Structures are given as structure tokens and as C-alpha cells.
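Notes follow the structure.
There are 4 protein chains.
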Amino acid sequence: MDEIEITSLAEPELRDPVLIEGLPGVGHVGKLAAEQLVEELDSELVRQVYADEFPPQVTVDDEGVADLTCAEFHAIETEGEGSDLLVLTGDHQAATNDGHYKLTAAFLDAAESLGVETAYALGGVPTGELIEEYTVLGAVSDGDLKPPLEDAGVEFRSDEPAGGIVGVSGLILGLGDRRGMDAACLMGETSGYLVDPKSAQAVLEVLQEVIGFEVDFSTLEDRAEEMEEVVGKIQEMQSQQQAIPDEELRYIG
Amino acid sequence: MDEIEITSLAEPELRDPVLIEGLPGVGHVGKLAAEQLVEELDSELVRQVYADEFPPQVTVDDEGVADLTCAEFHAIETEGEGSDLLVLTGDHQAATNDGHYKLTAAFLDAAESLGVETAYALGGVPTGELIEEYTVLGAVSDGDLKPPLEDAGVEFRSDEPAGGIVGVSGLILGLGDRRGMDAACLMGETSGYLVDPKSAQAVLEVLQEVIGFEVDFSTLEDRAEEMEEVVGKIQEMQSQQQAIPDEELRYIG
Amino acid sequence: MDEIEITSLAEPELRDPVLIEGLPGVGHVGKLAAEQLVEELDSELVRQVYADEFPPQVTVDDEGVADLTCAEFHAIETEGEGSDLLVLTGDHQAATNDGHYKLTAAFLDAAESLGVETAYALGGVPTGELIEEYTVLGAVSDGDLKPPLEDAGVEFRSDEPAGGIVGVSGLILGLGDRRGMDAACLMGETSGYLVDPKSAQAVLEVLQEVIGFEVDFSTLEDRAEEMEEVVGKIQEMQSQQQAIPDEELRYIG
Amino acid sequence: MDEIEITSLAEPELRDPVLIEGLPGVGHVGKLAAEQLVEELDSELVRQVYADEFPPQVTVDDEGVADLTCAEFHAIETEGEGSDLLVLTGDHQAATNDGHYKLTAAFLDAAESLGVETAYALGGVPTGELIEEYTVLGAVSDGDLKPPLEDAGVEFRSDEPAGGIVGVSGLILGLGDRRGMDAACLMGETSGYLVDPKSAQAVLEVLQEVIGFEVDFSTLEDRAEEMEEVVGKIQEMQSQQQAIPDEELRYIG
Chain S
1 MDEIEITSLA EPELRDPVLI EGLPGVGHVG KLAAEQLVEE LDSELVRQVY ADEFPPQVTV
61 DDEGVADLTC AEFHAIETEG EGSDLLVLTG DHQAATNDGH YKLTAAFLDA AESLGVETAY
121 ALGGVPTGEL IEEYTVLGAV SDGDLKPPLE DAGVEFRSDE PAGGIVGVSG LILGLGDRRG
181 MDAACLMGET SGYLVDPKSA QAVLEVLQEV IGFEVDFSTL EDRAEEMEEV VGKIQEMQSQ
241 QQAIPDEELR YIG
Chain H
254 MDEIEITSLA EPELRDPVLI EGLPGVGHVG KLAAEQLVEE LDSELVRQVY ADEFPPQVTV
314 DDEGVADLTC AEFHAIETEG EGSDLLVLTG DHQAATNDGH YKLTAAFLDA AESLGVETAY
374 ALGGVPTGEL IEEYTVLGAV SDGDLKPPLE DAGVEFRSDE PAGGIVGVSG LILGLGDRRG
434 MDAACLMGET SGYLVDPKSA QAVLEVLQEV IGFEVDFSTL EDRAEEMEEV VGKIQEMQSQ
494 QQAIPDEELR YIG
Chain Y
507 MDEIEITSLA EPELRDPVLI EGLPGVGHVG KLAAEQLVEE LDSELVRQVY ADEFPPQVTV
567 DDEGVADLTC AEFHAIETEG EGSDLLVLTG DHQAATNDGH YKLTAAFLDA AESLGVETAY
627 ALGGVPTGEL IEEYTVLGAV SDGDLKPPLE DAGVEFRSDE PAGGIVGVSG LILGLGDRRG
687 MDAACLMGET SGYLVDPKSA QAVLEVLQEV IGFEVDFSTL EDRAEEMEEV VGKIQEMQSQ
747 QQAIPDEELR YIG
Chain V
760 MDEIEITSLA EPELRDPVLI EGLPGVGHVG KLAAEQLVEE LDSELVRQVY ADEFPPQVTV
820 DDEGVADLTC AEFHAIETEG EGSDLLVLTG DHQAATNDGH YKLTAAFLDA AESLGVETAY
880 ALGGVPTGEL IEEYTVLGAV SDGDLKPPLE DAGVEFRSDE PAGGIVGVSG LILGLGDRRG
940 MDAACLMGET SGYLVDPKSA QAVLEVLQEV IGFEVDFSTL EDRAEEMEEV VGKIQEMQSQ
1000 QQAIPDEELR YIG
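Following this line, the structure appears as C-alpha cells:
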């Protein structure tokens, strides 16, 4: 196998497509949001990206059939006049610094070859506290991209997130910009301790408004309700036991 | 030395050979099973695979002669009408993600050049408990491969093993499938704490029936008896001392 | 992206330019000193060095615009007859051994292409104690470079620093020498526990005298005062509590 | 810089030269032995090997001049009729698996180009106990090499050392053998806790007899005396305090 191999499963004709990336990260916000689009809208699997930077691993499906770890692009033709979507999802990021660069470059190559000129990287930004109001924080490759995002409720805060944006999401902005692509990162605030479907919904609501499409949130809402029960139990435990160490809260989901 | 170098020691004429991989892993199940085949059947060393992904290490034999770490293919001509065997064994897996991919690709290249079109990756699946009934769990590269395995007692469980299959065994399915090879992984249930010759025997019993050959299990049975004494002592200690932490039980063998 | 990509933003005409490197390290001495030059003198950003050895990361500026992690060369035309300066700053070193070598080679290539024949690597040397007198320790690629540095107060001590000089600073001497470049490392003594603007000032005072330029220290002095308040509080706490473990003191700044 | 660069400083005419490798390892036995040869006999520095697998580091000499980390070959013309020596020393091994393979291959290339057909890798084998009788354990690339070593007192023990031989010493046997070079590893028994000049002397005494040269041991004996004082103090402390944990004993020297 080459370092990266891309399998083409279909050649969709997309109208002004935008890339939407949702790989695993803080609160699984980006991944939940991207998967929601793939599941709720009429999507077609068009590319699979295999890479020797991914773990040497297969997953086993409900029939006992093994699938080699990969990232996937799904094409979604939206109704109305808005852009079509090219959604990137997967179970892994790269394992090394240079792996992240190579992999993101391959993702951008694949997206460009399908006509993409604009990218949205979805993710979460950890606040360390349970969230009441789900704000979506933004960062852009070019200041001109801010007004429509601000109109949709995205907040831009000076020098935030403080630690920058790491992983594929960060590089979609950084490497995207270097090749002339417009790129924005939409980061839902989230505690950082829990898988957070509500934060994913907040990010999707922004995306709907900016791009111009509609998606049903009932699955995310169901998942959010389950998580709220978990959070409720945790808060109950907290009130009983004063405090629970972070490790026990980390990524219950 | 190149990244991977393969030394050819013999050019066997094999009848419809199948690859059987047994490298180190959970409970050393795959390695024990593969070595049993090499030792008990009439086997010939045909290939040695050296790789700079392996530890920089030589082992010293009973004559004081050093041998560079490698993986080995042994050819076994089976009696009767069944397939001949090409058995892959060794003391190490790769040290990095991309190393696993490169190494498995080299293994598959070597197997294909000897006529292999079907592969069985042998291993263990940890249950966290001492095993009473040695079930063999299966995963396949293609659903059509399941019926004969099910007939031989292999269980296929939805989405199991939960963490997927990692290492060379996983990639033999994943990369094998991508090059059109039929591949199955046979995983003997094992506690995960002990080297487990009984689990290896359960895997071999499946393999015998599926491929059609016979192997003597007396060596494995002797080894299993030794392990049972160890297990007996542990259980005695457990009943005396309530509990032993996992670390102390890990890989006694 | 290639392993290393260099973007040219301007082609300055520099008079006998010297390279001044100040990347992150002990007490952030080199980084503080180099940034002081870029901020206080009339500087122009001339090169940006992107590398897949750097973290996969963008930083977000005060406008919400993301910038891909890079190292930067600023050109400074000095007044008087002394050499002009080419100052290398950034937020990261490489992540691997070979990454350090590749990155430093790229830095030296870029500097040479702008006419540099002499390099100063700035850094700190940890003493484990709060510093009263800020000595600057030196090391050179060639013994002939010592007299002017000694005249400016630099001390050369046999076999010091004991652990050698690691990272980009060390390699600017080591790889610089191998390509015939004159290189010196100026290391301000610093506790190793705190960001140390005073140590940075001591290093800059040497550099001023050796190269022949003048820079305003008021920003560094302000920062030093802030740090002195921190140190004052720590000493107070020490006198109250006997001792504070090293970990709590490490890099407060 | 290339991955590995070799600087030639002299082209010695050597009579039937043998490679003697002594890089850092258990008890620094190999390194002490090799350095003893370079210092006590009439040696000439002939090759310097730079590699981006080594730490990114310079050492500073007693004049304040920095030297880039490298491994060095010294040529030694022995008196009498025995083989001349090509001694490999240095301060570092590689940092990765494949780095060890590449580096050892480069060492063997350099040695072969100077006429070497036989190699001795020197090292220590840890026993976990303070040593009374300094036995030298052997391993060879070919059984025919054993008789002259056994005549010189080298012991060959079945399957020892149990963990094999790792690092450059192991690969000099393993990769040396693959290119048709005769190679032996001479391992002085040593506690594993202390730098061990006596073990180094035991290894050199074997080497003297096998190759046919003579070296003065007074420096090693002085160093051994110093270490004996350390050991004496430790034993005194042990008798007073029952036991000292291993960590405190590790590599005092």
C-alpha cells in the first residue's frame, strides 16, 4: 500500500460543493455533527481514504465482516439554491505530526478534485464546565469570511482558543489557506468531559444558516436526552460526594 | 539493508496453499497455534523476512550462534486432498503504524508469490475471565466466507471484538481484502492474562476441519497442563487472598 | 505540502548580515531576546518556514484569523557600520531527532541565500538557582571567534554546559560549522524555573557590543519587573514554607 | 545534511584490520574497552559518522569549541604479526528501530571500505549482582568462530543472554553475517548497576589474546579502583541499612 490510497466509489456532480470535516476531537462535536448530516440527508459514499498513518486496524461490522480503517467522503445534494456538501468523517486522526500534514493535504486534494473551494472544519472547544448556552466559536483563514458567520451567531474572540486549533481541523484552515481555499472552523463550546450532541446541534444550526440547507435534529436530540440523563446522574453524584475527579468524567458517551 | 528484505531458502511446489499467520498477540494464541503446525507437521523453512521495523536485535541459539530477528514462512505439504499450508511465525510485530502496513504488505506479497489466495490470521480475543469453554470468534473479509467457518463451530458476533482487530492479523484481513485475497481471522477466547495453549488448540481444531488436515496436539496439551498448574495455584491464592491485581497475572507463561 | 516549505515575502538587501536565532528553550531566553529585536528595531518579515515537523496547529489572532504554525525570519537594517541582522523566531522546535537536523539545515540554507556567513544562536543555560549576576556563557564553532566575545564579557568554561547544547541552537553550531559558517552560541544564565527577561537582556547586551547596534530594553525591563514580583512572592512563600517543589516553579511566566 | 554523512580524515593502510565496536551500553563496558584502546595505543582518527538519528546536540570541549555529535573510527597499527584494529566509539546509539539498522549498515560499509572482514562487538551483560569473577560471555555469527574464543576463556552458554543482544552490537552480528562478515560479540559480565572498568578489562584481555596485541591497563585499573571505593561504600551502606533500591545504584560512575 502507498502511504495514502484513495478509492473512488462514485463521481458525483456537485453544485458549488463545500467541504465539511468532522473527525474525532473534543466532545466528539465535529464527528457527531458530520455523521448527522450523512445519516439524515440523502448521502452517497464517494471516496475512501486509507493511510498507513491510521492505526493498523479493522473494525468488524454486525455481520462479522472486517473493514479496514479509513476516512470517508460522502456527497450530499442539498435542496434549494445553496451549496452541495462533501462531508468528511472517520474514526481516527493521524498518529504523528507529519502524518497530520500529509493526511490533511490528501483530504484537500480529494476535495478540490470534486470542485470544493470552501471548507468548514467542525469541532468542539473545551470550557471545563457544563454548558448552559451553546455558543459556537469561529476562526477563519481570511477576515472576509467573518461577516456571514457572525450573522449566523458565530462568535469571534481575540486569540481564542488560547491553545490554537490542532489536528486536521487546524490544518484545513492552515493548509487550505496556503492553497487559496476559503476555510472556517466552527467550534461548539462543550465541557470537554462528555460526548456532546447539543454542542453538535449548535454547530449544525450555524452551518444550516450559512450554507442554506435543512437537517432533522431528532436523532441528535435523542442522543442529547440520553446524555442529559448521564449528566443528571453525575450532578446528583456531585451534590452527594462533593467532587468527582476529571478522569472519571472524561468522555462518557 | 533495505526497509524489508526477504531471503528465499526454498521454492516449494504447493497445492492451493493457504496462508496461516501466528505472530505474538493476546495470550500468544496465534503464535502457539502456528508454531504447533511448524513443529508437529513436516515443515520446510522457505522465506525469512527481515525488516528495520523489527527491534535491532539478535537472538542467541543453544550453540551461541546469533540470529537476526526475522519473521519466517514455513511450507507444509498436507496429506489428503486439502490445501497445503504456508505458516507465518515470528517473535515481533512492527513498532509503528506505518511499519505494520509495510510489513503486512510484504507478507502478503511473499504469500501471493507462493500461490496463496486465502489467508487465516490466528489470534486471541481477551475476555478478562478464566475460560471454561474455548469458543473461537471469527471475522471475515467477505460474508461468503462465513458458512464453512460456522459449520466448524466459529461464532460470528455483531460488532465483536468491540475494539476491532489490530496489528498484522487485522491488516491481513484489511489489506488482503483490498488486493482480492479471501481472509478470515480466527480468535480463540482467552483470559488475556495467561499464555493459553488450550485456546490455541481450539483455534487449530477449527482450522483442521476447515482446511482438512490433522495435527497432533500432545505438545500443546503438555503445555496446557503446565499452565493449568499455574492457574490452579493462582486460583488457590485468589481464594486465600481475595484478589490479585491484574498486573501480576499478566502473561505468566 | 513538502516536508519543509519556505515562503518569501521580501528580498532585502542586507549589509554583511548575521543570523540571530531565538527559538523556545530554557527560560525562553533566546526567544525573548530575538523577539525584542524584531519588536524594538525596524524589522521586516522576509521568510516564513513551514514544516511538517511542527505541530499540526494554527494559532488564532486577535481578529479570529488563523495562522499556520511556522518559523519566521525578520530582516533588520542596523544603523551605523555594523552588520545587518536576520532574526529567526518561532513558537516551536522539531518533534524528532531527524526533524531537528532537517529543520536547522533549512534555516541555514535560507540564511545563506540571504548572504549570512555568521550566526549567533541565543539561549539560556539553567543553573538551578535564582540568578544575581547575569553571566553569559559562550560556545563557538571555531576558537578564533572567542576573543571578541570575551571582550564583550562572554565567559567560556571548560566542557560547559555539561550536557552539551541541544536543539536548533546546538545544530546551528554543529551543522553551521560543517558548511563553513562561523557560529557562536550565547547562553544567558537563568534559574531554569522562570521565563527570564533579565537573562535575555544580558544576552542582548553582549550581542549589541559584538555586532554594533543599539536596542531599547524598556519592554524587557517591564517584563523583568513583572517577573521580579513573581520571584518576590515565591521567595516570600519559600521563607514561610521552607521549600516549594521544582514542578511548581517550572516556567511560571 | 543527508541521513548519514561520513567524513574521511585519513586513509590508513591497515594489515588485515578487524572492527572493534564499543558504543554506550550496559555498564559502559564496550565503550570503556574501546576508548582504552584508542587512548593507550597509537591511534589515528580516520572517519567521523554524523547521523540525523543521533540527538540534535553539540558537546563543548575544554576550549569552549562545539563539536557535533558523531561516532568515530580510529585506526590502530598493532605491533607484531596480528591484525590491525579499526575501533568504533561514540556517545550515542540510534533513537529508533530503523535508525539502528541504518546506522549499523553505515558503520559496516565504512569498515568494509577500510578492508575489514571480521568484527568484534564489545559490551556488558547484566547479572544483577556485584561480580567476583569477571567471565566474558560470547556469541558468534558462525559456529566456526567459537574455538579460538573458547581457547581465550570466552564462555558460550545455551540461549544466553536470554533477551538476545540489542542495539548496534546485536546488529553487527546480525547484519554483519548477512553480508558475509565474521562477527563475534564479547560481553563482560557486570552487575548492570555501575560503570564497570574491570569488566572492560576482562573483555580486553580476551581480545588481546584472540587478535594478538598488547595494551596497558593502568588507566582502567585506576578507574576500577575508584569504582571499588564506590562499591565499598555501597556495601558498607547496605550492611548498615539492609537494602538500597536499584534505582539509587544504577549507573553511578
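Protein sequence lines correspond, in order, to chains S, H, Y and V. Once you know that position 67 of the first sequence is 67 in our numbering, the rest is easy, because the numbers rise by one and skip nothing. Quick note, our numbering runs 253 ahead of the 1-based positions in the second sequence. Quick note, our numbering runs 506 ahead of the 1-based positions in the third sequence. Quick note, our numbering runs 759 ahead of the 1-based positions in the fourth sequence. Beta carbons: idealized from backbone N, C-alpha and C, even for Gly. No experiment lies behind these values; they were computed from the predicted model shown.
With distances taken from CA atoms, which of the options is nearest residue i?
| i | options | result |
| --- | --- | --- |
| Phe307 of chain H | V:Asp820, V:Tyr860, V:Pro906 | V:Tyr860 |
| Glu541 of chain Y | Y:Gly669, Y:Met507, Y:Ala690, Y:Leu726 | Y:Leu726 |
| Lys31 of chain S | S:Gly128, S:Val195, S:Ile234, S:Val210 | S:Val195 |
| Leu614 of chain Y | Y:Asp688, Y:Gln746, Y:Gly630, Y:Ala539 | Y:Asp688 |
| Arg553 of chain Y | Y:Asp573, Y:Pro518, Y:Ser697, Y:Asp522 | Y:Pro518 |
| Leu966 of chain V | V:Ala943, V:Pro956, V:Gly923, V:Asp936 | V:Ala943 |
| Leu290 of chain H | H:Val468, H:Gln488, H:Ile425, H:Asp475 | H:Val468 |
| Gly124 of chain S | S:Gln57, S:Ser43, S:Gly188, S:Thr118 | S:Gly188 |
| Thr595 of chain Y | Y:Ser675, Y:Gln746, Y:Gly682, Y:Ile740 | Y:Ser675 |
| Leu636 of chain Y | Y:Gly738, Y:Val646, Y:Leu547 | Y:Gly738 |
| Val646 of chain Y | Y:Glu638, Y:Thr633, Y:Leu677 | Y:Leu677 |
| Ala572 of chain Y | S:Leu68, S:His28, S:Asp177 | S:Asp177 |
| Ala749 of chain V | V:Ala869, V:Leu827, V:Gln852, V:Thr828 | Past the edges of chain V, shown from 760 to 1012, lies residue 749 of chain V, and the structure says nothing about it. |
| Leu800 of chain V | V:Ser977, V:Gln994, V:Gly902, V:Ser998 | V:Ser977 |
Less than 8 Å between the beta carbons of residue i and residue j, yes or no?
| i | j | result |
| --- | --- | --- |
| Asp597 of chain Y | Ser158 of chain S | no |
| Thr190 of chain S | Val26 of chain S | yes |
| Leu375 of chain H | Gly275 of chain H | yes |
| Gly64 of chain S | Phe409 of chain H | yes |
| Val566 of chain Y | Gly164 of chain S | yes |
| Glu762 of chain V | Ala810 of chain V | yes |
| Asn350 of chain H | Ala95 of chain S | yes |
| Leu426 of chain H | Val58 of chain S | yes |
| Glu325 of chain H | Leu298 of chain H | yes |
| Pro197 of chain S | Arg223 of chain S | yes |
| Leu773 of chain V | Ala878 of chain V | no |
| Gly80 of chain S | Gly212 of chain S | yes |
| Ala611 of chain Y | Leu515 of chain Y | no |
| Gln346 of chain H | Pro277 of chain H | yes |
| Ser199 of chain S | Val29 of chain S | yes |
Over what stretch of residues does the alpha helix (DSSP H) that includes residue i continue unbroken?
| i | result |
| --- | --- |
| Pro222 of chain H | No information on residue 222 of chain H is available, as it lies outside the stretch 254 to 506 that chain H covers here. |
| His100 of chain S | 97-113 |
| Leu794 of chain V | The amino acid at residue 794 of chain V is misidentified as Leu; the sequence shows Glu. Where Glu794 of chain V is concerned, the enclosing alpha helix (DSSP H) stretches over 788-799. |
| Glu403 of chain H | 399-404 |
| Glu711 of chain Y | 703-713 |
Identify every residue that forms a DSSP beta bridge with residue i.
| i | result |
| --- | --- |
| Phe409 of chain H | For Phe409 of chain H, which the question treats as bridged, DSSP gives no partner whatsoever. |
| Met946 of chain V | V:Gly882, V:Leu896 |
| Val231 of chain S | Looking at the DSSP assignment, Val231 of chain S forms no beta bridge with any residue, so it has no partner. |
| Glu72 of chain S | S:Gln48, S:Thr89 |
| Ala319 of chain H | H:Val313 |
| Glu258 of chain H | H:Tyr303 |
| Asp688 of chain Y | Y:Thr624 |
| Ile510 of chain H | Lying before the first or after the last residue shown, residue 510 of chain H is absent from chain H, which here runs from 254 to 506. |
If I follow the unbroken beta strand (DSSP E) through residue i, where does it start and stop?
| i | result |
| --- | --- |
| Glu301 of chain H | The residue you asked about is not Glu; residue 301 of chain H is Gln in the sequence shown. Counting along the chain, the beta strand (DSSP E) containing Gln301 of chain H begins and ends at 296-304. |
| Gly90 of chain S | 85-90 |
| Gly22 of chain S | 18-22 |
| Ala678 of chain Y | Position check: residue 678 of chain Y holds Ile in this sequence, whereas Ala was assumed. Taken as a continuous stretch (DSSP letters only), Ile678 of chain Y belongs to no beta strand (DSSP E), being part of the alpha helix (DSSP H) at 674-684. |
| Glu585 of chain Y | Unbroken run through Glu585 of chain Y: none, as it is neither H nor E. |
* Asked: Any contact of the region 733-743 of chain Y with the region 708-723 of chain Y, i.e. 3+ C-beta pairs under 8 Å?
  -> Segments in contact, no.
* Asked: When the Cβ atoms of the region 82-96 of chain S are set against those of the region 146-153 of chain S, are three or more pairs found closer than 8 Å?
  -> No, they do not touch.
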